[in-house]
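Residue numbers (my numbering), protein chains in the order written: chain A, 1 to 134; chain H, 135 to 270.
Report on the following structure.
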């Protein structure tokens with residue numbers, strides 16, 4: 001099941017609609033990293049509201065997406081982690097260290113807007129310049 | 135009591151199938167949605183271990199009873215290489231596959247009962263149970 005990726009302004013929004021296999025998740029990772037370049041995106045939102053489970057593979061893939069997108073000059077926000085999913089993730093020992101999260105799509109967009117406005121500094125400026133230098 | 139549900143684990147789609155069937159069985163048995171998620175997550179980790187280490191195996195999901203109490207039981211069997219050091223494999227961050235090494239210890243934290251029987255060259259059986267909380 002391919003995840004639709006929408007472009008909205010400078011942002012890409014991947015909205016997961018149903019349970020994903022490992023192959024689907026890997027495919028989403030490749031697609032997002034490629035499209036950050038193609039659409040010159042500065043922000044990526046991955047909406048996981050529909051995911052009823054996040055296991056170690058899903059979390060690792062989301063983390064990879066965020067780190068790869070950052071290397072291509074875009075910040076990623078994971079939105080919509082459900083309360084039960086968060087509970088199970090913590091029990092499993094899974095963290096999204098170094099990856100921004102927000103409650104829902106609206107908060108995720110607000111986060112990226114603040115980032116663009118320079119009101120949040122996620123990493124040192126010099127580093128950002130290198131990353132954006134494609 | 136519902137019949138056992140058997141799920142062959144031979145490809146990554148089967149991981150999704152197994153956890154969805156586990157969640158459904160837990161829902162039918164009256165587990166809270168939080169516990170359903172916990173069970174599904176544990177199934178996902180253990181099913182992935184089967185694929186990663188043994189390439190194929192099978193999961194049996196059932197509801198078992200002990201007097202008044204009910205549990206969802208997952209038995210995951212494979213005929214893979216077995217686990218050389220079960221004690222070590224149960225520790226966080228220990229992996230021989232380049233994974234995160236959270237599968238076994240993570241699943242153990244999620245479930246109430248957790249047993250691993252493994253013999254080198256013959257395979258591994260993981261049995262895990264989540265008991266239904268009676269006062270919810």
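Where is the CB? At the ideal position from N, CA and C, for every residue including glycine.
- prompt: Expressed to the nearest angstrom, what Euclidean distance is found between the alpha-carbon atoms of residue 163(H) and residue 38(A)?
  reply: Numbered from its first residue, the second chain carries residue 163(H) at position 29. Numbered from its first residue, the first chain carries residue 38(A) at position 38. Rounded to whole angstroms, residue 163(H) to residue 38(A) spans 49 Å at the Cα level.
- prompt: Are the C-beta atoms of residue 18(A) and some chain H residue less than 7 Å apart?
  reply: What you label residue 18(A) is simply residue 18 of the first chain in a count that begins at 1. Not one chain H Cβ lies under 7 Å of residue 18(A).
query: What's the gap between the Cα of residue 71(A) and the Cα of residue 111(A)?
result: Position 71 of the first chain, counted from the start, is the residue given in the question as residue 71(A). Position 111 of the first chain, counted from the start, is the residue given in the question as residue 111(A). Each residue's Cα considered, the two are about 19 Å apart.
query: Measuring CB to CB, does residue 216(H) end up less than 7 Å from residue 258(H)?
result: For the purposes of this step, residue 216(H) is taken as residue 82 along the second chain, with counting starting at 1. For the purposes of this step, residue 258(H) is taken as residue 124 along the second chain, with counting starting at 1. If you check the CB distance, residue 216(H) and residue 258(H) come in under 7 Å.
query: Should residue 1(A) go down as buried or exposed, given a rule of 16 or more other Cβ atoms within 10 Å for buried?
result: Mapped onto the first chain, residue 1(A) falls at position 1. It is exposed - the Cβ of residue 1(A) has fewer than 16 other Cβ atoms within 10 Å.
field: Residue range of the alpha helix (DSSP H) that includes residue 61(A)
entry: By 1-based counting over the first chain, the position of residue 61(A) is 61. Taken as a continuous stretch (DSSP letters only), the alpha helix (DSSP H) holding residue 61(A) covers 56-71.
message: Since residue 136(A) and residue 47(A) should fall inside the 8 Å C-beta cutoff, what is the C-beta to C-beta distance between them, to a whole number of angstroms?
response: Since the first and last residues shown for chain A are 1 and 134, residue 136(A) lies out of range.
- prompt: So, are the CB atoms of residue 147(H) and residue 21(A) less than 7 Å apart?
  reply: On the second chain, position 13 is the one that residue 147(H) refers to. On the first chain, position 21 is the one that residue 21(A) refers to. In contact: residue 147(H) and residue 21(A) (Cβ atoms closer than 7 Å).
- prompt: Should residue 29(A) go down as buried or exposed, given a rule of 16 or more other Cβ atoms within 10 Å for buried?
  reply: Residue mapping note: residue 29(A) aligns to position 29 of the first chain, counting from 1. Residue 29(A) is buried by the Cβ-count criterion.
task: Starting from the C-beta of residue 152(H), find all residues in its chain whose C-beta is less than 6 Å away, skip the five residues before and the five after it, and write them out in chain order.
output: As a first step, residue 152(H) must be located in the second chain, where it is residue number 18. Closer than 6 Å at the Cβ level, and outside the excluded window around residue 152(H), lie 141, 177, 181 and 193.
query: Going by the beta-carbon positions, is the gap between residue 266(H) and residue 173(H) smaller than 7 Å?
result: Mapped onto the second chain, residue 266(H) falls at position 132. Mapped onto the second chain, residue 173(H) falls at position 39. No.
- request: Using alpha carbons as the reference points, say which of 24(A), 114(A), 82(A) and 78(A) lies closest to residue 105(A).
  value: For the purposes of this step, residue 105(A) is taken as the residue at position 105 of the first chain. Cα-wise, what sits closest to residue 105(A) is 78(A).
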